[in-house]
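The block underneath contains the structure these notes are about, expressed in structure tokens.
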Amino acid sequence: MQLPIDMKSWVEDKLKQLTVEEKALLLSGVDLWRTYPVPRLGIPQLKTTDGPVGARGGTMVDGTTAALTPSAVSLAATWDIDIVAGIGGLLATEVRDKKADILLAPTVCLHRSPLGGRNFESFSGDDPFLGGKLAAAYINAVQSHGIATTIKHFAANDQETKRFVVDQVVSERCLREIHLVPFQIALRDAKPTCVMASYSKINGVYASNNKKLLNDILRKEWGFEGLVMSDWFGVNSIVPSVEAGLDLEMPGPARKRGKNLIDAVSKGYMKESTMDINVRRILELIYKTGKYKNPDWVEEKEEAINRPEHQKFLRRAASEGIVLLKNEKKILPLTLGKTKQIAFIGPNSRESVAAGGGSASLNPHYRQNPFDSFIKNAAANYPNLKVKHAKGCLANKWVPLFPETCVSPKNGEHGMYMEYFDNMLHQGQAVHAAHRKSTVLSCYDNLPKSFVPGKRYSYRATGVLTPKTSGRHIFSMGTCGPGRLLVDGKELINIWNRTKESERSEMFMAYASPEIRCELDMIGEKSYNITVEGVSRELDPIPVHYTDELYRDEVMDGSRVGFMEEVKEDLLGEAIALAKESDIVVYVGGKNIEWESEAYDMKSMDLPGPQNDLISKILEVNPNTIIVNQSGTPITMPWINEASTVVQAWYQGQELGNSLYDVLVGNVSPCGKLPVTFPRRLEDTPTFHNFPGENDKVVYGEGIWLGYRHYEKAKVEPLFPFGFGLSYTTFEYKNTRLSGDVLKDKLTVSVDITNTGEVSGKESVQFYVSQVSKPGLTRPVKELKGFAKVDLRPGETKTASYDLDKYALGYWDEKMRSWTVDRDAEFAVHAAASSQDIKGSANFRVEGTMQWIN
């Protein structure tokens with residue numbers, strides 16, 4: 001059959017042949033990751049895969065390996081369009097490896113509070129302009145390879161507490177000037193293929209039903225022509241979501257739609273022509289991905305290709321996101337040839353803390369840790385250098401997952417052998433079995449097709465555990481449904497009475513029971529048979545008060561079991577002794593996948609466990625200590641006055657060890673700058689009084705005063721300001737200038753940057769705009785409206801420039817319902833090294849009044 005050349009002809013041809021039943025099914029996924037195919041009409045399915053820091057593929061926990069990139073907040077800290085675009089191209093290749101068509105990324109929601117559980121996933125930090133511009137580069141790069149992107153979560157998805165039901169009360173000005181801006185910029189500069197709606201309500205209406213957001217603003221004002229999909233299990237109605245413009249319910253099989261939509265049409269609650277609007281966009285997406293060319297396409301097996309060129313680029317991207325916050329004694333870069341002994345101390349110093357938790361986590365091609373990577377990189381050139389390690393303290397939230405000493409009884413590989421039964425009694429022949437690489441025994445995906453939502457089933461996982469030492473060791477378990485853990489056939493932990501009403505913890509996207517711990521005397525080198533038995537949870541209905549009382553029935557299920565041998569060492573004493581005898585201490589601590597994750601927010605900015613006390617004690621005995629913090633959010637630093645050297649390392653993906661080495665020894669001069677303000681304490685933050693809200697409602701009382709806007713307006717001194725970051729060299733700014741003094745279409749702002757130091761380095765120049773004349777409404781002191789990164793050799797001078805247009809000037813006037821620039825307004829543009837370090841300014845004006853909507 002000759003395929004039509006143009007999209008409209010192909011789409012309309014398919015649309016007129018589809019039955020009402022097929023149309024209804026097309027508006028929902030067929031499983032957790034794929035859309036519904038219609039083979040009789042040559043309509044193939046599409047496969048999605050999670051981002052934003054990798055392409056996981058079709059399995060949540062133990063799937064094929066994938067490149068794990070630096071976290072989005074770290075990429076934002078590069079302030080580098082080219083690096084972000086390079087990551088986009090790399091991920092497009094990985095999406096192809098996973099035989100997928102749609103990358104569920106990028107994330108651009110703001111860091112409203114430093115306690116936000118998913119802040120590490122977002123490009124925006126506390127500035128919407130930065131996030132929007134970086135997201136546009138990411139989107140353009142991915143889509144240039146024929147892969148669809150999904151910018152998310154539309155809109156203001158900036159807290160995890162009560163995320164399914166919370167009502168976010170946001171003023172129109174706050175919404176327009178802050179929380180919609182990164183989406184608007186990305187749509188204007190890149191045209192993403194898809195948009196993902198957020199879970200929450202916005203001013204009383206769920207995002208998935210919100211006509212104002214999805215139809216009036218996104219489509220009518222901004223002209224978005226692509227597809228809008230739900231977040232997973234995020235559809236809260238049947239007809240209203242379709243009418244609001246939410247095209248695709250994910251995942252499948254259909255929960256709110258499917259048969260319900262068929263009934264809605266047959267009973268006259270909705271016209272078939274209304275549904276056609278959404279179906280048309282599904283078909284257009286199939287065409288845009290190129291899948292229409294191969295209607296008989298059968299999904300191939302996923303691949304895991306660890307490419308050397310990807311490794312090299314990820315190392316560079318990770319190192320350039322690292323921010324040097326303090327270097328008063330010039331300990332960095334390290335002079336290894338003059339150093340006899342370096343101590344790596346801290347709970348993260350010999351752990352692979354590569355990413356935050358939730359849907360952003362994946363199984364990387366390989367893992368690194370700071371201590372081992374440092375030794376590997378330094379060994380050849382510095383054979384006499386001693387590098388030693390001490391953990392110092394424990395800082396884990398839960399008992400760690402089973403170590404390498406637990407293997408499957410079937411293949412002897414690390415992990416457990418897991419079987420599924422088509423009943424709740426673990427009886428009969430298993431209907432499915434798989435090797436599980438970790439003891440996060442997820443039943444989220446890859447279940448037998450007979451296990452439809454609502455069907456109860458049971459599972460059993462077995463392993464052989466051989467502890468290294470004798471002692472009173474700790475086991476732990478948390479489970480979504482009823483479960484228990486047995487050692488050599490004897491029940492050790494029983495959570496068999498677990499019900500949907502039971503208390504929840506933060507495990508398993510906040511669906512699991514609280515962690516139960518139990519100690520057991522064990523003999524070293526002796527093997528023990530471990531059995532984990534569980535039953536799928538009773539589905540937990542969450543009322544949705546919008547039309548009828550509909551229910552959410554997410555299939556998140558499984559158990560998490562942990563094991564840790566008795567700690568007999570004096571961790572603190574050993575660390576202090578090692579710090580005393582070493583020339584240099586590199587303390588590596590922070591948070592990890594347990595503390596920062598989807599499904600819950602943090603309770604504190606403090607470092608977990610006794611880390612602050614440990615750091616203080618180390619600084620007392622060795623002032624030559626480098627503090628390296630791994631987190632996706634700001635932390636409190638009660639020891640900051642005593643510490644001479646502080647590095648913010650974020651979550652750097654699979655190249656975390658090599659990238660940190662490069663910065664510590666000066667292979668890379670630090671060039672990362674903070675994309676988010678670091679406050680001194682939580683009480684100083686703009687959302688301290690209204691995050692995360694109460695009684696399922698949160699008021700955005702800070703309005704437009706988010707991030708550096710708040711600190712400047714309230715004259716609150718931050719610990720480290722937005723845009724701040726040091727280098728191993730120095731830069732001089734001169735001759736800040738404009739291409740004219742009146743902005744009509746655009747003006748170019750420029751500044752000359754000279755490297756006045758002794759090593760090469762990169763500088764991220766920031767351009768902020770202030771209104772000099774009295775504004776019609778109160779405005780921030782200044783706002784970021786441009787940036788440029790320059791790479792300079794010692795003594796070299798380059799010009800950093802950015803084009804300003806009307807979008808750099810306006811504010812949202814709720815009375816006029818438009819973006820507005822005051823008549824004959826006067827402005828200043830500032831060239832800056834951070835939001836608090838202005839290097840030069842130039843003034844300009846506009847003639848007349850400007851107003852616009854999109």
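In our numbering, the protein residues as written are 1 to 854. Yeah, the Cβ is synthetic: ideal placement off N, Cα and C, and Gly gets one too.
- For Met-507, there is no enclosing beta strand (DSSP E); the enclosing alpha helix (DSSP H) covers residues 507-510.
- Only residues of its own chain outside the window of five on either side were considered, and among them Lys-162, Val-165, Val-166, Asp-167 have a CB closer than 7 Å to the CB of Asp-696, listed in chain order.
- At least 8 Å separates the beta-carbon of Thr-462 from that of Lys-526.
- Residue environment analysis places Pro-44 among the buried positions, since at least 16 neighbouring C-beta atoms fall within 10 angstroms of its C-beta.
- For Arg-460, the secondary structure class from DSSP, reduced to helix, strand or coil, is strand.
- Two segments are said to touch when three or more pairs of C-beta atoms, one from each, lie closer than 8 Å; by this definition the stretch 312-324 touches the stretch 719-727.
- Within its own chain, the residues whose Cβ lies closer than 7 Å to the Cβ of Leu-492, once the five positions on either side in sequence are excluded, are Phe-475, Leu-485, Leu-486, Cys-518, Leu-520, listed in chain order.
- Cα atoms of Ser-352 and Thr-69: separation of roughly 13 Å, rounded to the nearest angstrom.
- The closest CA to that of Glu-328, considering only Tyr-528, Asn-641, Ser-266, Arg-257, is found on Asn-641.
- In summary, Leu-425 is exposed, with fewer than 16 beta-carbon neighbours lying within 10 Å of its beta-carbon over all protein chains present.
- By alpha-carbon distance to Val-279, the top candidate from Ser-266, Thr-48, Glu-243 is Glu-243.
- Within the same chain, Cβ atoms closer than 8 Å to the Cβ of Ser-818 are found at Trp-812, Gln-851, Trp-852, Ile-853, the five residues on either side in sequence being excluded.
- Boundaries of the alpha helix (DSSP H) around Glu-21: 20-26.
- Residue state for Asp-189 is assigned as helix, using DSSP reduced to three classes.
- The three-state reading of DSSP puts Leu-103 in strand, counting E and B together.
- Residue state for Cys-174 is assigned as helix, using DSSP reduced to three classes.
- Along the length of the stretch 122-170, whole alpha helix (DSSP H) runs at least 4 residues long occupy 128-143, reported in chain order.
- Here Asp-97 carries a helix assignment [DSSP, helix/strand/coil].
- Contact between Ala-360 and Val-676 does not hold, since the beta-carbon distance rounds to 17 Å and is not under 8 Å.
- Per DSSP, the continuous alpha helix (DSSP H) segment holding Met-275 begins and ends at 272-288.
- Residue state for Asp-570 is assigned as coil, using DSSP reduced to three classes.
- Assigned with DSSP and collapsed to three states, Gly-86 falls in helix.
- Judged by DSSP in its simplified three-state form, Lys-490 adopts strand.
- Close CB contacts of Tyr-138 within its chain, under the 6 Å cut and outside five residues either way in sequence, are with Val-84, Gly-88, Pro-106 (chain order).
- For Asn-157, the number of other beta carbons within 10 angstroms of its own is at least 16, and it is reported as buried.
- Going by DSSP, Gly-321 is part of the alpha helix (DSSP H) stretching over 308-321.
- Note on Asp-557: 16 or more other CB atoms within 10 angstroms of its CB, so buried under the neighbour-count rule.
- Here Phe-224 carries a coil assignment [DSSP, helix/strand/coil].
- Here Glu-94 is actually not in contact with Gln-311; their C-beta atoms are around 13 Å apart, not less than 8 Å.
- The three-state reading of DSSP puts Thr-78 in helix, counting H, G and I together.
- Judged by beta-carbon spacing, Tyr-457 lies beyond the 8 Å limit of Ala-433, meaning their Cβ atoms are not closer than that value.
- Taking 8 Å as the cut-off, the Cβ atoms of Leu-332 and Leu-664 count as close.
- For Leu-777 and Arg-680, the gap between their C-alpha atoms comes out near 30 Å.
- Following the DSSP letters along the chain, one finds Gly-657 inside the alpha helix (DSSP H) bounded by residues 656-665.
- Between the C-alpha atoms of Lys-789 and Tyr-36 there is a straight-line separation of about 44 Å.
- Inclusion of Val-108 and Gly-86 in the CB contact set at 8 Å is not warranted, their separation being larger than that value.
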